[in-house]
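Taking it in order: structure first as structure tokens, then the write-up.
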Amino acid sequence: MSAKMVTTLREIQTIFDQVNVGKKVLDKISVWRGDITKLEIDAIVNAANSELAGGGGVDGAIHNAAGRRELQAECRKIGRCAVGDTVATSACKLTHVKKILHTVGPQVWDDLTKSDRVKLLNCYATSLELAVENGLKSIAFPCISTGIYGYPNDDAATSVMNFLCKFFLKSQHRDKIDRVVLCLFLEVDNRCYNNEIQRVTEYF
Ligand code: ADP
1 MSAKMVTTLR
11 EIQTIFDQVN
21 VGKKVLDKIS
31 VWRGDITKLE
41 IDAIVNAANS
51 ELAGGGGVDG
61 AIHNAAGRRE
71 LQAECRKIGR
81 CAVGDTVATS
91 ACKLTHVKKI
101 LHTVGPQVWD
111 DLTKSDRVKL
121 LNCYATSLEL
131 AVENGLKSIA
141 FPCISTGIYG
151 YPNDDAATSV
161 MNFLCKFFLK
171 SQHRDKIDRV
181 VLCLFLEVDN
191 RCYNNEIQRV
201 TEYF
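Anchor point for the sequence shown: position 32 equals 32 in the UniProt record's numbering, and the numbering is continuous, going up by one each time.
Below, the structure written as structure tokens:
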């Protein structure tokens, strides 16, 4: 037997652990295509603006479904939200949801920078933190910033998948979240995220 063919028990154990841990990670991340307001889940994340004023895109869809007057009244009481930060409101008329988490993504008008990526991932991190604080175990994210705010779809998908894998592997709060649903609305995101799922599956 050549030296190359020898695999130590320790290596086998490492591979075994990686596969098991990897499977557990992937068990907690789902992609789902459709309107986020139709999901029955503990928390949905809104891609809001800093003024929490209610805009177009997914923000408009969530305000319409939750009831504009009621949701805007709650948002006005909170005031503003910084880029990368997240605030929580009730779900108003969305009775199949416990909370709406409003996060503000970066606006990318020029070339993408590292700081844009950090801001985008902060949206995911602060939303998960707030979910944990509120005892919310399942959470659905739209593709934050990749619509009107112009963040490149492929970079967002790769960065978000890497971030979520790290969260479920390393975060002290990983056991407090049962499921993250990545809610895809457009074909481009469907393609990007399915590539990512394949990439991560092959890695593990
Ligand atoms: P941003 O301003 O952060 O870019 P947008 O609302 O413009 O936010 O877009 C974010 C993503 O949400 C886009 O992929 C868009 O297609 C998607 N989207 C729009 N409406 C919905 C909806 N009802 N449910 C889920 N995703 C949606």
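For each residue, glycine too, the CB sits at the ideal point set by N, CA and C.
Of the residues the options, the one placed nearest residue i, counting alpha carbons only
i, options, result
"Ile-177", "Ala-65, Ser-138, Ala-88, Asn-153", "Ser-138"
"Trp-32", "Asn-134, Pro-142, Glu-202", "Pro-142"
"Val-108", "Ser-159, Tyr-151, Ile-36, Leu-164", "Tyr-151"
"Asn-46", "Leu-9, Thr-14, Leu-128", "Leu-128"
"Ile-62", "Ile-15, Asn-122, Ala-43, His-173", "Ala-43"
"His-96", "Phe-204, Thr-37, Thr-146", "Thr-37"
"Gly-79", "Ser-115, Ala-53, Gln-13, Ile-148", "Ala-53"
"Gly-84", "Pro-106, Thr-158, Arg-76", "Pro-106"
"Phe-163", "Gly-55, Val-58, Glu-196", "Glu-196"
"Phe-185", "Glu-202, Gln-18, Leu-39, Lys-23", "Leu-39"
"Thr-201", "Thr-14, Lys-24, Glu-11", "Lys-24"
"Arg-199", "Ala-48, Val-180, Asp-35, Cys-165", "Cys-165"
Through-space distance from residue j to residue i, alpha-carbon basis
i, j, result
"Met-161", "Leu-71", "30 Å"
"Ala-156", "Ala-131", "21 Å"
"Ser-30", "Ala-65", "23 Å"
"Ser-50", "His-102", "9 Å"
"Leu-26", "Gly-147", "26 Å"
"Ile-41", "Ala-140", "7 Å"
"Lys-93", "Val-188", "30 Å"
Counterpart residues of residue i in DSSP-defined beta bridges
i, result
"Asn-46", "His-102"
"Ala-140", "Ile-44, Val-181"
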